[in-house]
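Asks: Residue numbering for the sequence shown follows the working numbering, beginning at 586 and increasing consecutively.
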Amino acid sequence: MQKKHYGAVLNPLRWWGRMPRLFWLVALFVGFLERKKSPLEPVLRSLLMTRVSQICHCAFCIDANALRLAERSGGLDKVQAVATWRDSSLFSDKERAALAYAEAVTATPPVVDEATKAALRQYFNDEAITEMTALIGFQNLSARFNAALDIPSQGLCAIRGEKQDA
């Protein structure tokens, strides 16, 4: 499936594939988070995954998630602006609340203040917040796994530069 969509087997699979049972558990979790009936829209999921990837300095994840964000949003504008989302008019208040939450959850240790929680609750119910937290947690696992193993970018998304690396 990866070869069909990306034209190659993705680098992390070479590591996850060393432990097939663990790989399948991870794949099932990703499948659940990316299901059509998710309470989180596909563009929002990609925004969050891209931003977490940037914070964790995972070259592969930034590349793969930027490609997915470009595909889902229909262009490169949000890809190029996600690292500086606070200064951009491209993002809705709902997206801003979710991005602020993603940054707070990704901090080590996670520090989610009351203002961030209140902003999030304006747009998301408990089910959506639970799923968003799981998505952010998964992307942290993935990005930290790949960064720790120095898994490189595969050139999936041609966008490069400061805005993506933040």
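The C-beta atom is built at its ideal place from N, Cα and C for all residues, glycine as well.
Going by C-alpha distance, which of Arg-681, Ala-644, Val-697 is nearest Arg-630?
Replies: Translated into the one-based positions of the sequence shown, residue 630 becomes position 45. Taking only the C-alpha atoms, the option nearest Arg-630 is Arg-681.
Asks: What would DSSP say about Gln-639, mapped onto helix, strand or coil?
Replies: Translated into the one-based positions of the sequence shown, residue 639 becomes position 54. It is helical.
Asks: Considering only the alpha carbon of each residue, which of Leu-734, Ala-733, Ala-728, Asp-735 lies closest to Ile-756?
Replies: Nothing about residue 756 can be reported from this structure: the residues present for the chain run from 586 to 751 only.
Asks: How should Trp-670 be labelled, buried or exposed, when 16 other C-beta atoms within 10 angstroms of its C-beta is the threshold for buried?
Replies: Counting from 1 along the sequence shown, the entry for residue 670 is found at position 85. Counting Cβ neighbours within 10 Å, Trp-670 comes out buried, since at least 16 surround it.
Asks: Leaving out five residues before and five after Ala-704 in sequence, what residues of the same chain have Cβ atoms less than 6 Å from its Cβ?
Replies: Numbered from its first residue, the sequence shown carries residue 704 at position 119. Cβ within range, chain order: Ala-682.
Asks: Please report how far the alpha carbon of Leu-598 lies from the alpha carbon of Leu-684, in whole angstroms.
Replies: The count along the sequence shown starts at 1 and reaches residue 598 at position 13. The count along the sequence shown starts at 1 and reaches residue 684 at position 99. Computed Cα separation, rounded: 27 Å.
Asks: How many angstroms separate the CA atom of Leu-726 from the CA atom of Asp-672?
Replies: Taking the sequence shown and counting its residues from 1, the one referred to as residue 726 is at position 141. Taking the sequence shown and counting its residues from 1, the one referred to as residue 672 is at position 87. In a straight line, the C-alpha of Leu-726 is about 28 Å away from that of Asp-672.
Asks: Taking only three categories from DSSP, how would you classify Pro-627?
Replies: Translated into positions along the sequence shown, residue 627 becomes position 42. It is helical.
Asks: Around the C-beta of Arg-653, are 16 or more other C-beta atoms found within 10 angstroms, so that it is buried, or is it exposed?
Replies: Within the sequence shown, residue 653 is the residue found at index 68, counting from 1. Label assigned to Arg-653: buried.
Asks: Decide if Val-594 is buried, meaning its Cβ has at least 16 other Cβ atoms within 10 Å, or exposed.
Replies: On the sequence shown, position 9 is the one that residue 594 refers to. Answer is exposed; the Cβ neighbour count stays below 16.
Asks: Between Gly-627 and Arg-606, is the Cβ-Cβ spacing less than 8 Å?
Replies: For the purposes of this step, residue 627 is taken as the residue at position 42 of the sequence shown. For the purposes of this step, residue 606 is taken as the residue at position 21 of the sequence shown. Strictly speaking, residue 627 in this sequence is Pro, with Gly absent from that position. Cβ distance not < 8 Å, so Pro-627 and Arg-606 don't count as in contact.
Asks: Where Ala-733 and Ala-713 are concerned, what is the direct C-alpha to C-alpha distance, given to the nearest angstrom?
Replies: The residue you call residue 733 lines up with position 148 of the sequence shown. The residue you call residue 713 lines up with position 128 of the sequence shown. Cα-Cα distance, rounded: 30 Å.
Asks: Locate the alpha helix (DSSP H) running through Gly-602, then write down its first and last residues.
Replies: As a first step, residue 602 is located in the sequence shown; it is residue number 17 there, counting from the start. No alpha helix (DSSP H) holds Gly-602; DSSP gives it neither H nor E.
Asks: For a quick check, are the C-beta atoms of Leu-720 and Leu-618 less than 8 Å apart?
Replies: Taking the first residue of the sequence shown as position 1, residue 720 is located at position 135. Taking the first residue of the sequence shown as position 1, residue 618 is located at position 33. Yes.
Asks: For Phe-723 and Phe-614, which I take to be in contact (beta-carbon distance under 8 Å), what is that distance rounded to the nearest angstrom?
Replies: As a first step, residue 723 must be located in the sequence shown, where it is residue number 138. As a first step, residue 614 must be located in the sequence shown, where it is residue number 29. Phe-723 to Phe-614, Cβ: 6 Å. Contact.
Asks: How about Tyr-686 and Val-697: do their beta carbons lie closer than 8 Å?
Replies: What you label residue 686 is simply residue 101 of the sequence shown in a count that begins at 1. What you label residue 697 is simply residue 112 of the sequence shown in a count that begins at 1. Yes, these two residues count as a Cβ contact at 8 Å.
Asks: Under a three-way DSSP split, which group does Ala-735 fall into?
Replies: The residue you call residue 735 lines up with position 150 of the sequence shown. The sequence shown places Asp at residue 735, rather than the Ala named in the question. It is coil, neither helix nor strand.
Asks: From the DSSP output, in three-state form, read off Cys-742 for me.
Replies: On the sequence shown, residue 742 is found 157 positions in, with the first residue counted as 1. Coil at Cys-742, not helix or strand.
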